[in-house]
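Participant: In the numbering used here, the protein residues as written are 13 to 315.
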Ligand code: GLU
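1) Going by other Cβ atoms of all chains shown within 10 Å of its Cβ, with 16 needed for buried, is residue 95 buried or exposed?
2) I need the straight-line Cα distance from residue 272 to residue 238, nearest angstrom please.
3) Count the other CB atoms within 10 Å of the CB of residue 24; is the residue buried (16 or more) or exposed (fewer)?
4) Beta-carbon within less than 6 Å of residue 247's beta-carbon, same chain only, minus the 5 sequence neighbours each way: which residues are those?
5) Have a look at residue 146 and residue 245 and give me their C-alpha separation to the nearest angstrom.
6) For the ligand GLU, is there any heavy atom lying closer than 7 Å to the beta carbon of residue 74?
7) Check whether the Cβ of residue 294 sits closer than 7 Å to any heavy atom of the ligand GLU, and report yes or no.
8) Just checking residue 130 against the ligand GLU - is the residue's beta carbon closer than 7 Å to any of the ligand's heavy atoms?
9) Please find out if some non-hydrogen atom of the ligand GLU comes closer than 7 Å to the beta-carbon of residue 127.
10) Just the C-alpha distance for residue 178 and residue 203, rounded to the nearest angstrom, thanks.
11) Identify the residues that DSSP records as bridge partners of residue 234: which are they?
12) Would you list, in sequence order, the uninterrupted alpha helix (DSSP H) runs of no fewer than 4 residues that lie entirely inside the segment 236-306?
13) Over what stretch of residues does the alpha helix (DSSP H) that includes residue 316 continue unbroken?
14) Measure the C-alpha to C-alpha separation of residue 310 and residue 233 and round it to an integer number of angstroms.
15) Return the chain-ordered ranges of every alpha helix (DSSP H) run that is complete within the segment 57-122 and spans a minimum of 4 residues.
16) Would you mind stating whether residue 221 and residue 280 have Cβ atoms separated by less than 8 Å?
17) Using CA atoms only, rank isn't needed, just tell me which of 141, 98, 156 is closest to residue 128.
18) Indicate, with yes or no, if the ligand GLU has a heavy atom lying under 7 Å from the CB of residue 107.
19) Thinking C-alpha only, which one of 208, 191, 130, 151 is nearest residue 162?
20) Could you tell me whether the segment 179-199 touches the segment 46-62, where touching means 3 or more Cβ pairs closer than 8 Å?
21) Terminal residues of the continuous alpha helix (DSSP H) containing residue 214?
22) Going by the C-beta, is residue 35 closer than 7 Å to any heavy atom of the ligand GLU?
23) Under the assumption that residue 85 contacts residue 210 (Cβ atoms under 8 Å), give the Cβ distance between them as a whole number of angstroms.
24) For chain C, find out if any of its Cβ atoms is closer than 8 Å to the Cβ of residue 126; answer yes or no.
25) To the nearest angstrom, how far is the alpha carbon of residue 299 from that of residue 158?
26) Looking at the structure shown, is residue 55 part of a helix, part of a strand, or coil, going by DSSP?
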């Protein structure tokens with residue numbers, strides 16, 4: 013399969029979408045990201061890398077980071093984590109307050125903001141230096157020692173993150189956040205502010221295409237855990253559009269409001285795309301379309 017030709021073609025084809033939608037301007041530091049950026053990277057399980065456009069340029073991965081914190085937290089805490097966070101699609105906005113109150117402080121899944129706060133809290137309880145642990149983890153997975161937190165984005169989110177503050181405080185009131193609220197939020201804002209490129213992301217996420225093994229063959233998670241993380245990405249990884257994404261893309265995917273989206277084709281490859289303009293659900297317009305075109309042209313799907 014000529015992956016390079018396929019993704020070069022996709023990069024041309026998605027260009028009309030750059031002018032549609034909105035960048036994530038509710039986070040001030042992201043409001044000024046140029047909307048004509050587009051990158052895409054594919055990494056096969058055999059280690060072949062294909063990249064196009066701005067695939068080497070770092071951007072704010074936002075809630076794609078939740079895949080990495082969940083992977084780490086599951087490693088440290090194990091199945092007990094599921095007592096504090098559910099596994100069902102939310103059917104609501106990713107930052108819904110009303111759903112959390114209705115469900116008495118147990119977030120629907122780890123890929124909505126409240127669920128991410130609980131996972132981050134669990135990780136912090138297990139690892140006192142969780143910020144360093146997370147950074148080391150993504151650097152090792154991607155093989156890029158230069159990956160860093162974008163402090164400006166983290167500060168910007170901390171200054172404007174009133175909904176996240178409300179969610180974390182509510183979790184605390186319901187005894188489902190054990191650590192200090194501000195400390196948990198500081199890690200959450202930093203994980204969202206991880207700056208990584210499509211190439212970094214494709215490499216970092218590829219353990220989920222290899223049944224839980226890293227590029228060197230070493231285990232990152234067990235095969236059943238890799239299956240479960242993929243299942244959660246499929247059912248809850250693209251906000252309140254997971255059904256539509258299963259329909260259109262047909263593979264586990266996780267997006268972030270920085271315009272990034274990653275996808276897994278188990279046993280074959282990992283892919284990542286980036287385009288800053290978002291649709292109403294918070295998913296990258298051109299990123300989603302790129303994955304849709306890729307699975308259509310290759311014929312790959314989990315269904
Ligand atoms: N930092 C963003 C927020 O909390 C993450 C949103 C996302 O990418 O899902 O609103």
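For each residue, glycine too, the CB sits at the ideal point set by N, CA and C.
Everything numeric in this text was worked out from a predicted model, so none of it was measured.
Facilitator: In short, the structure shows the following:
1) Looking at its Cβ environment, which holds fewer than 16 other Cβ atoms inside 10 Å, residue 95 is exposed.
2) For residue 272 and residue 238, the distance between alpha carbons rounds to 21 Å.
3) exposed
4) 101, 254
5) Here the C-alpha atom of residue 146 lies approximately 19 Å from the C-alpha atom of residue 245.
6) yes
7) yes
8) no
9) no
10) 18 Å
11) Partner(s): none; residue 234 has no beta bridge.
12) 254-260
13) Outside the shown range of the chain (13 to 315) lies residue 316, about which nothing can therefore be said.
14) 28 Å
15) Counting whole runs of 4 or more residues, the segment 57-122 contains the alpha helix (DSSP H) stretches 77-89, 110-114.
16) Their beta carbons are under 8 Å apart, which means residue 221 touches residue 280 by this criterion.
17) Closest option to residue 128, Cα to Cα, is 98.
18) yes
19) Scanning 208, 191, 130, 151 for the CA closest to the CA of residue 162 turns up 208.
20) no
21) 210-217
22) no
23) Their Cβ separation, rounded to whole angstroms, is 25 Å, which puts residue 85 and residue 210 out of contact at 8 Å.
24) Among the protein chains of the structure shown there is no chain C, as only one such chain exists.
25) 24 Å
26) In the three-state DSSP reduction, residue 55 falls in the strand class (E or B).
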